[in-house]
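Per this note's numbering, the very first residue in the sequence shown carries number 372; after that it's consecutive. Virtual Cβ for every residue (Gly too), placed ideally from N, Cα, C.
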Amino acid sequence: MKKFILVMIFVLLTALFIAFNYLLWDRENKVVELKNLENANASYTTNINSQKREISALEEEIDRLENQIKEIESDKERLSEEKASIQIEWAETRASLQERIDFINTIKQHADTNVLSAPLVKWAEAINQGDFRQAYLLEYEGVAMVDRTVRLDDYVEQMSRTVRRVDITQVKVDRLRGTGNGDIYLDVTLDVKLPEEPDMKSLRFTEGVNEIYVKIDYSVSEKVFMISGMGNS
Numbered sequence: 372m373k374k375f376i377l378v379m380i381f382v383l384l385t386a387l388f389i390a391f392n393y394l395l396w397d398r399e400n401k402v403v404e405l406k407n408l409e410n411a412n413a414s415y416t417t418n419i420n421s422q423k424r425e426i427s428a429l430e431e432e433i434d435r436l437e438n439q440i441k442e443i444e445s446d447k448e449r450l451s452e453e454k455a456s457i458q459i460e461w462a463e464t465r466a467s468l469q470e471r472i473d474f475i476n477t478i479k480q481h482a483d484t485n486v487l488s489a490p491l492v493k494w495a496e497a498i499n500q501g502d503f504r505q506a507y508l509l510e511y512e513g514v515a516m517v518d519r520t521v522r523l524d525d526y527v528e529q530m531s532r533t534v535r536r537v538d539i540t541q542v543k544v545d546r547l548r549g550t551g552n553g554d555i556y557l558d559v560t561l562d563v564k565l566p567e568e569p570d571m572k573s574l575r576f577t578e579g580v581n582e583i584y585v586k587i588d589y590s591v592s593e594k595v596f597m598i599s600g601m602g603n604s
């Protein structure tokens, strides 16, 4: 009987020992699992925080782009309004310009050639008097300095060697030339006399009849007509 009791005690102790070891093993496993969970949670938390930062950055970028879109749309609307305003202004300016061109063309039909040719007459008189400097100033009065193809000294030298006298025999208003932009052109017939020994290399006119055109402009400040171009017809 004692042996049986001892055996039972031994078995009980063994069972308790095994159970105790199992509990220790289970506890260690749970500790490991808890640590793994803690590490996983920490990783998840880090990832979540990272994702939150990225989302926040994207939201800021979206806000910035939306503001840019609004600015672009505002600029587009403003430019569209400016374009419309410029188109209206251009149309009005064009219409006004066309009215002036039509007005000038009408004047050309009824203009007094004596008035229009006044600067040309003065030019011929200056040449006949040998005042080639004055002739230059009259011929290029309506031409900007940067657009003048001949210098004063060269003009005086050329004309003094190639022209002795110029007489205007006929002046007519050109009804066709310049109608598109309202310019006034005169068709002029000259009777030219050359010196006895002209410089043949720099001849501008030939002996006798010469047909030329003269462009006439009006000086608002001086309130006179002036020559702004001259050439062979």
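Identity of the residues DSSP links to residue i by a beta bridge
i: Thr691; result: As shown, the chain starts at 372 and ends at 604. That puts residue 691 outside it, with no answer to give.
i: Val595; result: Ser590
i: Met601; result: Val585
i: Ile555; result: Ile587
i: Arg471; result: Answer by DSSP bridge pairing: none, since Arg471 is not bridged.
i: Arg398; result: Arg398 is not bridged to any residue.
i: Arg536; result: Lys564
Cut-off 7 Å between Cβ atoms - residues of its own chain near residue i, not counting five sequence neighbours on either side
i: Asn581; result: Leu561 and Val563
i: Pro569; result: Arg532 and Thr533
i: Ile472; result: Asn552 and Gly553
Any C-beta of chain B under 7 Å from that of residue i
i: Arg449; result: Of the protein chains in the structure, only one exists, and it is not chain B.
Of the residues the options, the one placed nearest residue i, counting alpha carbons only
i: Ile587; options: Ser573, Gly513, Leu383 and Thr577; result: Gly513
i: Ala482; options: Glu399, Arg546, Glu593 and Ser414; result: Arg546
i: Lys594; options: Glu444, Pro490, Asn410 and Ser421; result: Pro490
i: Asn485; options: Glu452, Val544 and Thr416; result: Val544
Residue i and residue j closer than 7 Å at C-beta
i: Glu510; j: Met571; result: no
i: Val542; j: Leu557; result: yes
i: Ser590; j: Met597; result: yes
i: Ile539; j: Ala495; result: yes
i: Tyr507; j: Leu523; result: yes
Beta-carbon contacts of residue i that lie in its chain and below 6 Å, excluding the five residues immediately before and after
i: Val559; result: Val542, Ile583 and Val585
8 Å Cβ shell around residue i - same chain, five flanking residues per side excluded
i: Glu578; result: Val563, Lys564 and Leu565
i: Ser445; result: none
Any non-hydrogen atom of the ligand SAH within 6 Å of residue i CB
i: Glu593; result: Absence of the ligand SAH from the depicted structure is noted, as is the absence of any ligand whatsoever, leaving it without description.
Validate contact between the stretch 519-531 and the stretch 499-509 using beta carbons, cut 8 Å, 3 pairs: yes
Does the stretch 539-554 come close enough to the stretch 511-521 that 3 or more CB-CB pairs lie under 8 Å? no
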